[in-house]
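Going letter by letter, the sequence shown gives residues 1 to 246 in the numbering used here. Here a beta-carbon is modelled for each residue, glycine too, at the ideal position from N, C-alpha and C. The structure appears right after this line, and notes come after that.
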Amino acid sequence: MKTLPQIAAWLAEARSAVAFTGAGISTESGIPDFRSPGGIWSQSTPVYYDEFLASADARYEYWRQKAIAHRDFADSEPNAGHLTLAKWQQGGRLHGVITQNIDGLHQIAGSTDVVELHGTAREISCLDCSVRYDAGPLVAKFLECGTTPECAGCGGRLKHATISFGQSLDPRVLDQADRWCRSADLFLALGSSLVVEPAASLPRLAKAHGARLVIINRDPTDQDTLADAVVHESIGAALTAIDKLL
């Protein structure tokens, strides 16, 4: 197993380093993992995309669940992991960030080139006219009135700008992530269990195209044996220690 100084040396010499983040980086900001005990999916059955499209009752249940989830992350702040990645990107050490997360904390931390595989829960999109709104006021309106909001412009169906169960990922977003993986010379997989596809294939893709693969995650993953270095500790602590070594 390589040490943190070795990872720092790889980052220092990298010309196209890419970070890939999962729920583990955001749990350190107090945001529950949807899949963990106590998370929203352990308490409610997710609303599938086709159900949302077809049923007003399903749209109401979707908004009820999203209002609960919004409360969990709306006031959250970036942690040391987010801030370190933003520092590296601003300093030219990191090409960009690919994330499975929908909380927008990378951008709040200062990262600019962020590929959000599953969209963002900080915005609402009209499925009928594509206009976007800030999520906060619409969630507040739902909680106050108890009715599913409609688009102010066209009266259409409003949904968070995230990927729901049964909904296809945006092919343009996937293409950008694919291109970054193929050109990366260092790929940092951070806080992801690496089981949810197609995102879980990205570290393997980067590795297959010549990148060094570093996995930093609290728990072991199925791809640990593929990695050039594995660190099982908190994202914030590990990235802060690497940053001090640069």
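Check, Outcome
"Beta-carbon contacts of His-209 that lie in its chain and below 6 Å, excluding the five residues immediately before and after", "Arg-182"
"Neighbourhood of Glu-61 by C-beta distance below 7 Å, restricted to the same chain and skipping five residues each side", "Val-47"
"Three-state secondary structure (DSSP) of Phe-111", "The question names Phe, but residue 111 is Ser in the sequence shown. Coil."
"For Gly-96, three-class secondary structure by DSSP", "strand"
"Own chain partners of Ala-199 with C-beta closer than 6 Å, once the 5 adjacent residues on each side are dropped", "Gln-100, Leu-117"
"Host alpha helix (DSSP H) of Cys-126 (start-end)", "Element bounds for Cys-126: not the alpha helix (DSSP H) but the beta strand (DSSP E), 119-126."
"Nonlocal neighbours in the same chain, by C-beta distance under 7 Å from Met-1, ignoring five residues either side", "In this predicted model, Met-1 has a pLDDT of only 46, less than 50, meaning its place in the structure is not dependable enough to derive any value."
"Under 8 Å between C-beta atoms of Glu-123 and Ala-135", "yes"
"Other residues of its chain near Asp-103: CB distance less than 7 Å, five sequence neighbours each side excluded", "Ser-26, Ile-31, Phe-73, Ser-76, Ala-121"
"For Ala-238 and Glu-51, the rounded distance between their alpha carbons", "41 Å"
"In DSSP terms, what Thr-240 is bridged to", "Looking at the DSSP assignment, Thr-240 forms no beta bridge with any residue, so it has no partner."
"Ser-192 vs Gly-81 beta-carbon contact at 8 Å", "no"
"Coil, strand or helix - Phe-165 by DSSP", "coil"
"Coarse secondary structure for Ile-215, derived from DSSP in three states", "strand"
"Simplified DSSP assignment, three categories, for Met-1", "With a pLDDT of only 46 at Met-1, under 50, the local geometry of the prediction cannot be trusted, and no value is derived from it."
"Boundaries (first-last residue) of the beta strand (DSSP E) holding Asp-134", "132-134"
"Own chain residues within Cβ distance below 6 Å of Leu-188, not counting five before or after", "Ala-19, Val-214"
"Three-state secondary structure (DSSP) of Leu-229", "Note that residue 229 corresponds to Ala in the displayed sequence, not to Leu. It is a strand residue."
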